[in-house]
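**Student:**
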Amino acid sequence: MVLYTSPFPNSFLSVLHSFSWGLIFPCYWLADRLVGSFVPTTYEKRQRADDPCYFHALCIIITTPIYLALLVASLPFALIGFLLWSPLQSARRPYIYSRLKDKNHANGATLLTEWKAAGSGKSFCFGSANVCLLPDSLARFNNVFNTQARAKEIGRRIRNGASRPQIKIYIDSPTNTSISAASFSSLVSPQAGDNRTVNAGIKRTTSMEYKGDNCGSNNGEENREDKGGSGEPHEGEENTCIVPINGEENGHMSDTETDTVNGQARASGPAEPSLEGDAEISKTPNHKQKEGDSGSLDSCSASRESLVKVRVGDGTVDQSTVNNKLLYKASIMKKTSVRKKKHTDETFDHEISAFFPANLDFLCLQEVFDKRAAEKLKEQLHHYFEYIVYDVGVYSCNGCCSFKFVNSGLLFASRYPVMDAAYHCYPNGRGMDSLASKGALFLKVQVGSTPQDQRIVGYISCTHLQAIAGDTTVRCEQLDMLQDWLSEFRKSTSSSSTANPEELVAFDVLCGDLNFDNCSSEDKLEQQHSLFTHYKDPCRVGPGEDKPWAIGTLLDPEGLYDEEVCTPDNLQKVLESEEGRKGYLVYPTSKNHSSSQKGRKASLKGNGRRIDYMLYTEEGLYLEWKVEVEEFSFITQLAGLTDHLPVAMRLMVSTGEDDP
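Position 556 of the sequence shown, counting from 1, maps to 556 under UniProt numbering, and the rest follow consecutively.
1) Per DSSP, residue 661 forms a beta bridge with which residues?
2) Along the chain, which unbroken stretches of the alpha helix (DSSP H) at least 4 residues long are found entirely within the segment 431 to 519?
3) For isoleucine 635, write down the residues that DSSP places opposite it in a beta bridge.
4) Spell out the partners DSSP gives valine 389 in its beta bridges.
5) For a quick check, are the C-beta atoms of serine 369 and alanine 436 less than 8 Å apart?
6) Tell me the rounded alpha-carbon separation between valine 457 and aspartate 517.
7) Restricting to Cα atoms, I'd like to know which of Gln89, Val392, Arg610, Gln528 is closest to serine 461.
8) Here's a check: name, in chain order, each residue in its chain whose Cβ is nearer than 7 Å to the Cβ of leucine 75, leaving out the five neighbours to either side.
9) Pairing CB atoms from the segment 469 to 477 with CB atoms from the segment 405 to 416, are three or more of them under 8 Å?
10) One question on the structure: do valine 35 and serine 137 come within less than 8 Å of each other, judged by their Cβ atoms?
11) Name the two residues that bound the continuous alpha helix (DSSP H) containing arginine 159.
12) With burial defined as no fewer than 16 other Cβ atoms inside 10 Å of the residue's Cβ, what is the status of alanine 469: buried or exposed?
13) Would you mind reading off the limits of the alpha helix (DSSP H) that contains serine 18?
14) Considering just the uninterrupted stretch of the beta strand (DSSP E) at lysine 376, what are its terminal residues?
15) Our contact map puts valine 389 next to leucine 441 with C-beta atoms below 8 Å; I'd like the distance itself, whole angstroms only.
16) Quick one: grab the DSSP three-state call for serine 6.
17) Would you mind sorting lysine 491 into buried or exposed? The rule is 16 or more other CB atoms within 10 Å of its CB.
18) Grab the span of the alpha helix (DSSP H) containing leucine 575 for me, first residue to last.
19) Counting along the chain, where does the alpha helix (DSSP H) carrying arginine 46 start and finish?
20) Whole angstroms are fine: how far does the CA of tyrosine 97 sit from the CA of asparagine 10?
21) Please look up how many angstroms separate the CB atoms of asparagine 398 and glutamine 89, rounded, as I've assumed it's under 8 Å.
22) Find the nearest neighbour of leucine 443 within the set Phe362, Gln366, Gln452, judged by alpha-carbon distance.
23) Could you name the residues of the same chain whose beta carbon sits closer than 7 Å to that of threonine 617, not counting the 5 residues immediately before and after it, in chain order?
24) With a 10 Å radius around its C-beta and 16 neighbouring C-beta atoms as the bar for buried, classify methionine 649 as buried or exposed.
25) When the Cα atoms are used, what is the spatial distance from glycine 121 to tyrosine 387?
26) Have a look at serine 86 and glutamate 624 and give me their C-alpha separation to the nearest angstrom.
27) Between the segment 144 to 153 and the segment 370 to 377, are three or more C-beta pairs nearer than 8 Å?
28) Using the C-alpha atoms, what's the distance from tyrosine 54 back to leucine 68?
29) Drop a sphere of 10 angstroms on the beta-carbon of arginine 430, count the other beta-carbons inside from all chains shown, and report buried for 16 or more, exposed for fewer.
30) Using only alpha-carbon positions, find the residue among Val653, Cys539, Phe634 that is nearest to glutamine 504.
31) For proline 357 and glutamine 380, what's the separation of their Cα atoms in angstroms?
32) Just the C-alpha distance for residue 683 and arginine 455, rounded to the nearest angstrom, thanks.
33) Ignore the nearest five residues each way along the sequence and tell me which others in histidine 529's own chain have a CB closer than 7 Å to its CB.
34) With a 10 Å radius around its C-beta and 16 neighbouring C-beta atoms as the bar for buried, classify isoleucine 635 as buried or exposed.
35) Label lysine 582 either buried or exposed according to how many other C-beta atoms from any shown protein chain fall within 10 Å of its C-beta, with 16 as the threshold for buried.
36) Taking the continuous beta strand (DSSP E) assigned at glutamate 619, which residues delimit it?
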């Protein structure tokens, strides 16, 4: 299957499309600004609280006639542009495939060799998020604004979080010998020459600053530096730093252990506030992070291939594996009473994390509707992901029953090469959703090869269902179509012949914003859909019941800019408590309670409305391999930038072979 690297089959159509959109854009921009001026966010209202009451009204009185006059003047040009733009969409391709052009920074081909080196199997990490990148006037109805600046900041935060080294901290105490719940994002601070001792309390990861010699460099530069240094791993090796820590239950180390790590590690508290970014970004509260925050732009991307092993407890530290040029700053807190690695009936790690998981392999985003925002987001993500599929969907009447003004909003990013891609549009959208070409994106990626040169592949599907409450029948129909399209895509892209050896399927993952939760009384039809007999939900016990550690992913828009939740660290702390979740998450609807969020906190049950899903299946995979969830997390790193919580899942594909 051919991957489309441009929206049109030839340059003439591309130029004609650019010309037509150039005629439409002034009218579109003016209408967006005009509507947006009448829809203030809660942050803007608070900013204006100190201004005279007439000041904002005066601004609207002055600017509205100007916008209207310019809008009327631009309408004839927009009409001509529309007459050119609309028929061109019949020749438009359903997506754009972008690959990092700088080969010095590309390492997707190198990643394919890792499977051969790991005889016992390999883990893969998947992330999904609804980022609400709509035109600014529409985004304001979700209480977010400044779409272009948010797109750039979202991309920066994702790549900063994903490019950290993965470090697991083992807590050895009389009552807890499991991996710390902070395994996705825990960091220690090894640095030679530092004579300060480790803080006695081992704390949960909240904020981090990671800096190397090439602070602003791309991963490729750091990888080359790693190759040249002695004691550093090569690109094909795992980059997990394992830190065993012995101590009592209260987190205190013995004197011997403290002396051992003296000068090698330190834990730092919150740093002074700092702000970096464009002037446009600095106006937005979403981007005001403390230095070292998980979302801070001052946090430089860490090499994915860095490996630091520190051994504490036996009185020795392996200096050969420590890069003395690196600076780690971390704040780690142990909360065994609140969140442990495992419940008695659970087999994998789960947590609320202030970071996107380290070594994130695949990312699926929803609601990337704005084209300019998509370009800015793609530019940022390309610092970490080599392969990106964006601008997914159809426009005008091409391939759908009704006219489509915007695309599907789906975006896919991968560290591994994309082999095939396909998109299908849901034909049964209703209301406002019918104006967008919501649908499903299906992808086939190559993740490795066997010693016999058989390709190892995986399947990933991303979708966004009907959003209007009460449209359960529409969503169920869309889930039916989704299953049919999944089956068709698997059949059309499977390869098995003598000339082309049979491919081995390692995983099949489905993720996206399904717009229904598993606990709401109004979503019973979706909860019992046959999709959940084929795909497993790590957060779900059964229809109408989630696991106790699972939390909602839909934030209450009214509280996005509250000081308690406007940073990743603060939002993480709030969501770890039941009272905090009641204040800032949207809860499942119930016929017995009013729809107002406030005034009914005491009656709320559960942990919030979970509408963002990460599913996987064991059907259709290579029979001799086993797939199981290794880690699952709810992520707060996009606090203040979207009204959804991203989710991430790490799958372990075990081959059953012995380690080499």
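Note that beta-carbon positions come from the ideal geometry of N, C-alpha and C, so glycine has one too. Being a predicted model, the structure only gives us computed values, none of them experimental.
**Tutor:** If we stick to the structure as given:
1) Any question about residue 661 goes unanswered here, given that the chain covers just 1 to 660.
2) 472 to 493
3) Ser353
4) Tyr97, Phe412
5) A quick correction: the sequence has phenylalanine, not serine, at residue 369. For phenylalanine 369 and alanine 436, yes; Cβs fall inside 8 Å.
6) 31 Å
7) Val392
8) Cys27
9) no
10) yes
11) 147 to 162
12) exposed
13) 11 to 36
14) Element bounds for lysine 376: not the beta strand (DSSP E) but the alpha helix (DSSP H), 371 to 381.
15) 7 Å
16) coil
17) exposed
18) 568 to 575
19) 42 to 47
20) 15 Å
21) 5 Å
22) Phe362
23) Asp508, His534, Tyr535, Lys536
24) buried
25) 23 Å
26) 51 Å
27) yes
28) 21 Å
29) exposed
30) Looking at the sequence shown, residue 504 is not glutamine but leucine. Looking at the Cα atoms, Val653 is the closest of the given residues.
31) 17 Å
32) The structure shown does not extend to residue 683, since the chain spans only 1 to 660, so no value can be given for it.
33) Cys476, Leu479
34) buried
35) buried
36) Careful: glutamate 619 lies outside any beta strand (DSSP E) and carries neither H nor E.
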